[in-house]
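Participant: I'd like to ask some things about the structure below.
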Amino acid sequence: MNQQSFPHGLGQGIDREHREISLPQVLGLTPGITTFVGAGGKTTAMLLSALQLTAQGARVMVSTSTHILPPEEKQFGPCFTPDQQTAIQNQLSRHRLAVVTGPANEKGKLTSCRQEDWPLLAAQVEYLLVEGDGSRRLPCKVPQQWEPVIAPKTNRVVGVLGLSALGRPLQEVCFNSQLAEERWNTSGKDPLSVQRMAQIATQPWGIQKGADKAEFVLLLNQMDVCSPDQLHKLITEIHRIQPGLRVVQGALQQMKWEEA
Numbered sequence: 002m003n004q005q006s007f008p009h010g011l012g013q014g015i016d017r018e019h020r021e022i023s024l025p026q027v028l029g030l031t032p033g034i035t036t037f038v039g040a041g042g043k044t045t046a047m048l049l050s051a052l053q054l055t056a057q058g059a060r061v062m063v064s065t066s067t068h069i070l071p072p073e074e075k076q077f078g079p080c081f082t083p084d085q086q087t088a089i090q091n092q093l094s095r096h097r098l099a100v101v102t103g104p105a106n107e108k109g110k111l112t113s114c115r116q117e118d119w120p121l122l123a124a125q126v127e128y129l130l131v132e133g134d135g136s137r138r139l140p141c142k143v144p145q146q147w148e149p150v151i152a153p154k155t156n157r158v159v160g161v162l163g164l165s166a167l168g169r170p171l172q173e174v175c176f177n178s179q180l181a182e183e184r185w186n187t188s189g190k191d192p193l194s195v196q197r198m199a200q201i202a203t204q205p206w207g208i209q210k211g212a213d214k215a216e217f218v219l220l221l222n223q224m225d226v227c228s229p230d231q232l233h234k235l236i237t238e239i240h241r242i243q244p245g246l247r248v249v250q251g252a253l254q255q256m257k258w259e260e261a
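Each number in my numbering corresponds to the 1-based position in the sequence shown with 1 added.
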């Protein structure tokens, strides 16, 4: 079975680095259910948050409301289904971290739990972290009508966008690019501008879709491949459209993050 690629050593040094503010802290994660959506690092953000919360002493569960590649077993342990309660409890008792999803599909991806499973899972841990959509490893996306799948009783949604998409053709960097092309009456060969990425970040048809009942925080990842000037313009435009929105800028591969 294929496994979710996770940067080598990303979970190491958590107790030494960022003692003042961890990724879960800068994202404002609170006990309960957090759903991660978007593109350009959402799985990494979820898994890194899980490792850091566990290192801080919390009991954490990782899951998906759609499908996800199995996380690396060496760091996250085996994957369980909700009916394996004894094994889940043993895993949480020993490691404070468990991956619990539906069974794997024919492509080797883990599937969603059943609706009736979510309350039971959430009651077993302090933090239930859920991946809520896919992006086929592209840095940007516009959700389809049925996307994202926000887990029931989610209290915070983390929307992720990869800054490597800026200035590149829509069809190369944006999952469901045809939706963006139709909305803007543009060609897939046109570049993704600062103004258009800001719209994806702030509009109800963008990565905030379905998050109206939860607190929303935006994570702009891959700042290491974006010029400071571009990043400043993007954040300024985002705050112009949606004043007060919590925005975090980071380079997760380099273990860097800060509130913008």
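For glycine and all other residues, C-beta sits at the position ideal for the given N, C-alpha and C.
Does the Cβ of residue 1 have 16 or more other Cβ atoms within 10 Å, making it buried, or fewer, making it exposed?
Facilitator: Residue 1 lies beyond the residue range present for the chain, which begins at 2 and ends at 261; the question has no answer from this structure.
Participant: DSSP three-state label for residue 13, please.
Facilitator: The residue labelled residue 13 in the question sits at position 12 within the sequence shown. With a pLDDT of 47 at residue 13, under the threshold of 50, the modelled position of that residue is not reliable, and no figure is offered here.
Participant: So, are the CB atoms of residue 221 and residue 175 less than 8 angstroms apart?
Facilitator: By 1-based counting over the sequence shown, the position of residue 221 is 220. By 1-based counting over the sequence shown, the position of residue 175 is 174. Taking 8 angstroms as the Cβ cut-off, residue 221 and residue 175 do not qualify as a contacting pair.
Participant: For residue 120, does the count of other Cβ atoms within 10 angstroms reach 16, so buried, or fall short, so exposed?
Facilitator: As a first step, residue 120 is located in the sequence shown; it is residue number 119 there, counting from the start. Residue 120 is exposed by the Cβ-count criterion.
Participant: On the premise that residue 151 lies in contact with residue 110, defined as a C-beta separation below 8 angstroms, what is that separation, rounded to the nearest angstrom?
Facilitator: Numbered from its first residue, the sequence shown carries residue 110 at position 109. Numbered from its first residue, the sequence shown carries residue 151 at position 150. 19 angstroms between Cβ atoms; not a contact.
Participant: Take the Cβ of residue 253 as the centre, count every other Cβ of all protein chains shown within 10 Å, and call the residue buried at 16 or more, exposed below.
Facilitator: Looking up residue 253 in the sequence shown gives position 252. Classification for residue 253: buried.
Participant: Which residues does DSSP pair with residue 115 in a beta bridge?
Facilitator: The residue labelled residue 115 in the question sits at position 114 within the sequence shown. DSSP output for residue 115 lists no bridge partner at all.
Participant: Out of 108, 93, 27 and 251, point me to the one whose CA is closest to residue 63's CA.
Facilitator: Position 62 of the sequence shown, counting from 1, holds the residue named residue 63. Comparing Cα-Cα distances from residue 63 to each of 108, 93, 27 and 251, the minimum goes to 93.
Participant: Using the C-alpha atoms, what's the distance from residue 71 back to residue 112?
Facilitator: Here residue 112 refers to the residue found at position 111 of the sequence shown. Here residue 71 refers to the residue found at position 70 of the sequence shown. Cα to Cα, residue 112 sits roughly 10 angstroms from residue 71.
Participant: Taking C-alpha atoms, which residue in 51, 107 and 90 lies nearest to residue 31?
Facilitator: Position 30 of the sequence shown holds residue 31. It is 51 whose Cα lies nearest to the Cα of residue 31.
Participant: Assess contact between the stretch 157-172 and the stretch 93-103, defined as three or more Cβ pairs (one per stretch) separated by less than 8 angstroms. Is contact present?
Facilitator: Result no; under three Cβ-Cβ pairs closer than 8 angstroms.
Participant: Per DSSP, what are the beta-bridge partners of residue 132 in this structure?
Facilitator: As a first step, residue 132 must be located in the sequence shown, where it is residue number 131. The partner list for residue 132 (beta bridge, DSSP) reads 37 and 65.
Participant: Along the chain, where does the beta strand (DSSP E) that runs through residue 185 open and close?
Facilitator: Your numbering for residue 185 matches position 184 in the sequence shown. Looking at the DSSP string, residue 185 is not in any beta strand (DSSP E); the run it does join, the alpha helix (DSSP H), is 178-185.
Participant: Select from 66, 37 and 96 the residue whose C-alpha is nearest the C-alpha of residue 79.
Facilitator: Translated into positions along the sequence shown, residue 79 becomes position 78. If we check each option's Cα against that of residue 79, 96 comes out closest.
Participant: Taking just the CA atoms, how far does residue 88 sit from residue 154?
Facilitator: Mapped onto the sequence shown, residue 154 falls at position 153. Mapped onto the sequence shown, residue 88 falls at position 87. Using only the alpha carbons, I get a separation of about 25 angstroms.
Participant: Check the C-beta distance from residue 258 over to residue 61 and give it rounded, since I have them as a contact under 8 angstroms.
Facilitator: Residue 258 sits at position 257 when you count from the first residue of the sequence shown. Residue 61 sits at position 60 when you count from the first residue of the sequence shown. Incorrect: roughly 18 angstroms between the Cβ atoms, too far for contact.
Participant: Can you look up residue 155 in the DSSP assignment and give me helix, strand or coil?
Facilitator: The residue given as residue 155 occupies position 154 in the sequence shown. Residue state, collapsed to three classes: strand.
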